[in-house]
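This report refers to the structure that appears directly beneath it.
2 protein chains.
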Amino acid sequence: MTAPVTLVEVTRGLAVESRHAGTVAVADADGAIVLALGDAERPTFGRSAVKGLQALPLVESGAADRFGFAVEELALACASHGGEPEHVATAAGALARLGLGVEALECGAHWPTNDAAARALAASGAGPNALHNNCSGKHAGFLCLACAMEVDTAGYIGPDHPVQREVTAALETAMGVSLADAPVGTDGCGIPTYAAPLSAIARAFARFGAETGFGPARAAAARRLKQAAWSAPFQIGGSGRFDTEAMQALNGRAFVKFGAEGVHIAALPELGIGIALKIEDGATRASEVAMAALIARFLDPSGAAGDWLAGQTAKRLTNWEGVEVGVMRPAAALLA
Amino acid sequence: MTAPVTLVEVTRGLAVESRHAGTVAVADADGAIVLALGDAERPTFGRSAVKGLQALPLVESGAADRFGFAVEELALACASHGGEPEHVATAAGALARLGLGVEALECGAHWPTNDAAARALAASGAGPNALHNNCSGKHAGFLCLACAMEVDTAGYIGPDHPVQREVTAALETAMGVSLADAPVGTDGCGIPTYAAPLSAIARAFARFGAETGFGPARAAAARRLKQAAWSAPFQIGGSGRFDTEAMQALNGRAFVKFGAEGVHIAALPELGIGIALKIEDGATRASEVAMAALIARFLDPSGAAGDWLAGQTAKRLTNWEGVEVGVMRPAAALLA
Numbered sequence: 001m002t003a004p005v006t007l008v009e010v011t012r013g014l015a016v017e018s019r020h021a022g023t024v025a026v027a028d029a030d031g032a033i034v035l036a037l038g039d040a041e042r043p044t045f046g047r048s049a050v051k052g053l054q055a056l057p058l059v060e061s062g063a064a065d066r067f068g069f070a071v072e073e074l075a076l077a078c079a080s081h082g083g084e085p086e087h088v089a090t091a092a093g094a095l096a097r098l099g100l101g102v103e104a105l106e107c108g109a110h111w112p113t114n115d116a117a118a119r120a121l122a123a124s125g126a127g128p129n130a131l132h133n134n135c136s137g138k139h140a141g142f143l144c145l146a147c148a149m150e151v152d153t154a155g156y157i158g159p160d161h162p163v164q165r166e167v168t169a170a171l172e173t174a175m176g177v178s179l180a181d182a183p184v185g186t187d188g189c190g191i192p193t194y195a196a197p198l199s200a201i202a203r204a205f206a207r208f209g210a211e212t213g214f215g216p217a218r219a220a221a222a223r224r225l226k227q228a229a230w231s232a233p234f235q236i237g238g239s240g241r242f243d244t245e246a247m248q249a250l251n252g253r254a255f256v257k258f259g260a261e262g263v264h265i266a267a268l269p270e271l272g273i274g275i276a277l278k279i280e281d282g283a284t285r286a287s288e289v290a291m292a293a294l295i296a297r298f299l300d301p302s303g304a305a306g307d308w309l310a311g312q313t314a315k316r317l318t319n320w321e322g323v324e325v326g327v328m329r330p331a332a333a334l335l336a
Numbered sequence: 001m002t003a004p005v006t007l008v009e010v011t012r013g014l015a016v017e018s019r020h021a022g023t024v025a026v027a028d029a030d031g032a033i034v035l036a037l038g039d040a041e042r043p044t045f046g047r048s049a050v051k052g053l054q055a056l057p058l059v060e061s062g063a064a065d066r067f068g069f070a071v072e073e074l075a076l077a078c079a080s081h082g083g084e085p086e087h088v089a090t091a092a093g094a095l096a097r098l099g100l101g102v103e104a105l106e107c108g109a110h111w112p113t114n115d116a117a118a119r120a121l122a123a124s125g126a127g128p129n130a131l132h133n134n135c136s137g138k139h140a141g142f143l144c145l146a147c148a149m150e151v152d153t154a155g156y157i158g159p160d161h162p163v164q165r166e167v168t169a170a171l172e173t174a175m176g177v178s179l180a181d182a183p184v185g186t187d188g189c190g191i192p193t194y195a196a197p198l199s200a201i202a203r204a205f206a207r208f209g210a211e212t213g214f215g216p217a218r219a220a221a222a223r224r225l226k227q228a229a230w231s232a233p234f235q236i237g238g239s240g241r242f243d244t245e246a247m248q249a250l251n252g253r254a255f256v257k258f259g260a261e262g263v264h265i266a267a268l269p270e271l272g273i274g275i276a277l278k279i280e281d282g283a284t285r286a287s288e289v290a291m292a293a294l295i296a297r298f299l300d301p302s303g304a305a306g307d308w309l310a311g312q313t314a315k316r317l318t319n320w321e322g323v324e325v326g327v328m329r330p331a332a333a334l335l336a
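Put into structure tokens, the structure is as follows:
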């Protein structure tokens with residue numbers, strides 16, 4: 001097996017203090033490998049990076065339209081949001097369309113991942129509920145699908161529930177692999193997560209971007225979800241978040257989504273390619289720098305998009321007094 | 001150069017999802033290497049892991065006694081605390097002994113790293129000040145030394161201030177190396193941090209633990225600081241923190257301290273050895289598991305200490321609903 005490759009360096013003063021190794025696979029919709037760093041076949045849990053694929057049945061089935069889901073609600077179905085008031089309101093609104101309340105969500109509650117939102121919630125005297133869970137929009141989408149399928153919503157997170165069967169089938173079709181014998185784990189929000197070859201995840205997002213390798217209904221669903229993310233990028237992440245800023249800066253040119261444990265994907269429709277990367281140690285700070293470097297390498301945009309990518313690939317690190325102490329930057333392997 | 005070695009694995013279901021590589025050096029007070037994994041000479045910023053050494057001049061000079069520092073204040077001088085009310089009160093009390101206020105601190109302000117303390121502070125309508133900074137106790141110690149030296153306290157964080165000259169000299173004596181040409185950076189709290197060979201950091205904590213390789217005054221200072229940490233372990237970190245729990249579980253047998261970017265040290269007095277490790281990617285979650293495995297390997301304690309280490313080396317990971325989804329565990333290299 002090819003070992004992971006150093007992808008990101010963290011400096012302090014003039015020295016490199018820390019290094020992040022990882023694996024990169026870039027593929028087209030047929031699965032042809034455009035770039036591999038490390039073992040592109042590395043089995044990788046897609047985690048929240050594959051939420052775009054997991055939302056395909058919601059749209060393709062007609063469930064989202066039947067219940068009148070708005071653009072914001074479709075974007076939130078693909079999101080790992082910060083639990084800011086706008087996110088919570090969008091999730092609650094989606095549930096209301098279904099005639100359901102927060103108690104229908106099976107994702108669990110956690111404090112908003114946005115620090116300011118968590119402190120404001122605490123200052124209000126309240127605590128978090130499942131609407132604040134970063135996955136609440138995805139789960140509202142699952143519930144919408146269950147309602148449209150006219151099946152029991154309870155237990156919708158289980159691997160044998162009709163909703164998860166549809167979601168898993170969408171993953172398999174997009175990735176072009178069977179997940180029947182894939183390593184399976186439980187995701188943070190309770191649904192199953194499968195380990196697929198990183199190259200298959202890259203191919204899935206090439207298809208998601210180029211809208212090829214799917215039937216027409218699924219291709220249309222991919223288009224709706226991408227356009228929702230580009231129309232309502234705040235819903236995808238929130239204040240100061242990499243994926244939100246990427247969708248804004250690269251509007252229409254890149255669909256970008258991270259997942260826990262250092263997984264990050266991008267679909268670049270104009271090139272017909274998908275990027276999937278996994279930081280071996282699970283660090284999001286590194287997956288963001290590596291993804292920015294890869295997008296810059298393949299799209300090489302000018303103007304505001306180029307400026308944003310330049311900032312993300314030479315990320316200033318400051319201490320509590322605002323003094324610059326170092327930088328995060330892509331390592332040589334990403335720049336070749 | 002020997003590459004970093006896989007030290008910690010993070011599983012999901014039955015699969016390994018993420019891996020942390022790093023470097024380990026275990027040395028005695030003479031600098032003899034007891035164990036090396038990876039390049040023991042790796043230049044490594046000691047960061048907050050070396051606060052115990054940085055506090056030596058405070059005690060050795062007589063400054064702490066002259067201003068009546070209590071055991072809690074000595075422990076806090078070695079701490080990276082969570083900004084909980086007890087920590088803030090201890091730091092404020094130390095400053096009061098000097099006739100100084102919070103404005104004398106040059107470490108900068110940040111929200112408490114303890115989430116509950118941060119939310120409680122927000123709920124009170126207040127914001128953080130420099131007392132909440134995890135380094136405020138160390139900085140109170142620096143100010144105490146400046147007062148005893150009868151030098152200007154302003155600028156005490158600068159590399160050329162008499163306080164930092166004393167602190168750097170203490171590091172050099174303990175490590176047995178000159179830092180004059182070492183890579184230097186600015187630490188999170190504004191003071192200089194030097195990159196020393198990992199083996200030299202291990203040797204320094206062998207000396208700190210065994211109280212050898214120092215003159216009698218410095219040896220006595222090391223003893224006072226260790227005893228303070230074991231007497232007031234809450235001050236070292238706080239609620240639920242690894243170093244606090246380690247000092248409690250291994251009372252008198254191990255002095256343990258982490259630093260930013262995955263550095264962790266331990267002094268094991270009864271064996272006359274020091275442990276220093278650096279997780280290549282900077283992850284504290286991994287430095288804790290690796291340190292627990294190394295302490296278990298060398299001390300192999302029974303009873304409550306053994307139980308605590310067993311829990312830290314097979315650390316259950318749960319999702320938001322409390323379902324076990326995986327485990328963090330030492331990799332084979334640490335168990336050999």
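Protein chains in written order, with this note's numbering: chain X, 1 to 336; chain R, 1 to 336. In this text, a Cβ means the ideal position worked out from N, Cα and C, and glycines have one as well.
Around the beta carbon of V323(X), a 10 Å sphere encloses fewer than 16 other beta carbons of the protein chains shown; the residue is thus reported as exposed.
Cβ proximity to chain R below 9 angstroms picks out A286, N319, W320 from the segment 286-320 of chain X. Annotated as distal: A170(X) and L334(X), with beta-carbon spacing of 8 angstroms or more. Look at F298(X) here: in three-state DSSP terms it is helix.
For A292(X), the CB contacts under 7 angstroms within the same chain, skipping 5 residues up- and downstream, are L309, Q312, T313 in chain order. Counting the other Cβ atoms within 10 Å of the Cβ of T2(R) gives fewer than 16, which makes it exposed. Contact of T186(X) with chain R is assigned, a C-beta pair being separated by under 8 angstroms. In summary, D300(X) is exposed, with fewer than 16 beta-carbon neighbours lying within 10 Å of its beta-carbon over all protein chains present. Interface with chain R (8 angstroms Cβ-Cβ cutoff): G108(X) is included. Going by C-alpha positions, F45(R) is about 7 angstroms away from E17(X).
Along the segment 273-285 of chain R, going in chain order, the ones with a CB nearer than 7 angstroms to a CB of chain X are E280, D281, G282, A283. When C-alpha distances from I33(R) are compared across A94(R), A96(R), I201(R), the shortest belongs to I201(R). A Cβ-Cβ distance of about 15 angstroms is found for the pair I273(R) and A222(R), leaving them out of contact under the 8 angstroms criterion. Comparing C-alpha distances from D281(R) to each of G262(X), V71(X), K138(X), R297(X) shows the shortest one belongs to G262(X). Between the segment 69-85 of chain R and the segment 224-236 of chain R there are three or more C-beta pairs closer than 8 angstroms, enough to call the two in contact.
In terms of beta-carbon proximity, F45(R) lines the interface with chain X, with at least one pair separated by less than 8 angstroms. At least one CB atom of chain X sits nearer than 8 angstroms to the CB of C189(R). Against A21(X), the close residues of chain R are A21, E280, D281, in the order they occur along the chain (beta-carbon pairs closer than 8 angstroms). D160(X) and A217(X) have their C-alpha atoms some 24 angstroms from each other. Beta-bridge pairing by DSSP links L277(R) to V24(R), H264(R). Between A130(R) and A109(R) the beta-carbon gap is near 5 angstroms, inside 8 angstroms, which marks them as a contact.
Under DSSP, the beta-bridge partners assigned to A196(X) are T44(X).
Cβ contact annotation for G68(R) (same chain, cutoff 6 angstroms, sequence separation greater than five): R97, in chain order. When C-beta distances to chain R are compared with 8 angstroms, the residues of the segment 132-146 of chain X below that value are N133, in chain order. At a beta-carbon threshold of 9 angstroms, the residues of chain X lying near L14(R) are P183, V184, G185, ordered along the chain.
Taking the Cα positions, G155(X) is about 8 angstroms away from E106(X).
The C-beta distance from N134(X) to T113(X) rounds to 6 angstroms, short enough to meet the 8 angstroms contact threshold.
In summary, D152(X) is exposed, with fewer than 16 beta-carbon neighbours lying within 10 Å of its beta-carbon over all protein chains present.
R224(X) and M247(X) have their C-alpha atoms some 15 angstroms from each other. In the three-state reduction of the DSSP assignment, G125(X) falls in the coil class, being assigned neither a helical nor a strand state. No Cβ-Cβ contact shorter than 8 angstroms links A27(X) with V5(X).
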